[in-house]
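Taking my numbering, I'd label the letters of the sequence shown as residues 6 to 177.
Glycine included, every Cβ here is placed at the ideal spot set by N, Cα and C.
All values derive from a computational prediction rather than experimental measurement.
So the structure is just underneath, and the comments pick up after that.
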Amino acid sequence: MKKFKIYEKRPRANNQIRVPEVKVIDAEGKDLGVMKTHEALKISQAAGLDLIEVGPSSRPPVVKIMDFGKYMYQKSKKGNQKKSVAQEVKGIKIGFQTSIHDLEVRAKQADKFLKKGHRVSIILKLKGREKSKGNVGAEKLNHFLEFITEIHEIESPIKRGPMGFTVTIKPN
Numbered sequence: 006m007k008k009f010k011i012y013e014k015r016p017r018a019n020n021q022i023r024v025p026e027v028k029v030i031d032a033e034g035k036d037l038g039v040m041k042t043h044e045a046l047k048i049s050q051a052a053g054l055d056l057i058e059v060g061p062s063s064r065p066p067v068v069k070i071m072d073f074g075k076y077m078y079q080k081s082k083k084g085n086q087k088k089s090v091a092q093e094v095k096g097i098k099i100g101f102q103t104s105i106h107d108l109e110v111r112a113k114q115a116d117k118f119l120k121k122g123h124r125v126s127i128i129l130k131l132k133g134r135e136k137s138k139g140n141v142g143a144e145k146l147n148h149f150l151e152f153i154t155e156i157h158e159i160e161s162p163i164k165r166g167p168m169g170f171t172v173t174i175k176p177n
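The following block contains the structure:
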């Protein structure tokens, strides 16, 4: 089976910009205003830099005078930062009949997740007649939240679902 190369869309630069007018930002970040594309290209070439289209969807398109390689490097760095900052949601499941010691063990596990910066989704599973006991499950979840020693904030309040109760907490 033939493997295809993944095409990465790159911003237009220099002579690839085909619009009549552009809004220009220079290398220091100052706004030079709206001007003809060929004038902006002359300014960038005089400075020994490239004219890069950074805002193609706006009217007129926004272009920046800077080195193309430097721009692509900064763009890839931003992409890597977004990937590393993404928080993972860790799940902890407890039952209605779970003993106090087991709740303490699960609370320590939640503390570890919160210390690492993850959000924690706590699920209280109910079986059979436990589902008909009303809000006793919510009280059990609140009791479990008291065991968690790490400073946290409740992201989504306690909700009742078809299988039990859930709550999501995040580190503070």
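- The residue among 49, 132, 42, 62 with its C-alpha nearest the C-alpha of residue 32 is 49.
- Rounded to whole angstroms, residue 173 and residue 108 show a C-alpha spacing of 16 Å.
- Between the C-alpha atoms of residue 102 and residue 60 there is a straight-line separation of about 57 Å.
- The Cβ neighbour count for residue 139, taken over all protein chains shown within 10 Å, is under 16; the residue is labelled exposed.
- Taking the CA atoms as reference points, residue 19 sits about 13 Å from residue 52.
- Positions of the beta strand (DSSP E) runs, each at least 3 residues long and wholly inside the region 123-168, are given as 124-130, 157-165 in order along the chain.
- For residue 48, the three-state secondary structure derived from DSSP is helix.
- Beta-bridge partners of residue 56 (DSSP): 70.
- Look at residue 36 here: in three-state DSSP terms it is strand.
- Note on geometry: alpha-carbon atoms of residue 113 and residue 160 lie some 19 Å from one another.
- In the DSSP assignment, residue 42 forms no beta bridge with any residue.
- Bounds of the beta strand (DSSP E) holding residue 26 are 26-30.
- Nearest to residue 136 by C-alpha distance, out of 116, 166, 70, is 166.
- Its chain contains 16, 17, 22, 66, 68 as the residues whose beta carbon lies nearer than 6 Å to that of residue 58, once the 5 sequence neighbours on both sides are disregarded; these appear in chain order.
- Take the alpha-carbon of residue 163 and the one of residue 79: they are about 41 Å apart.
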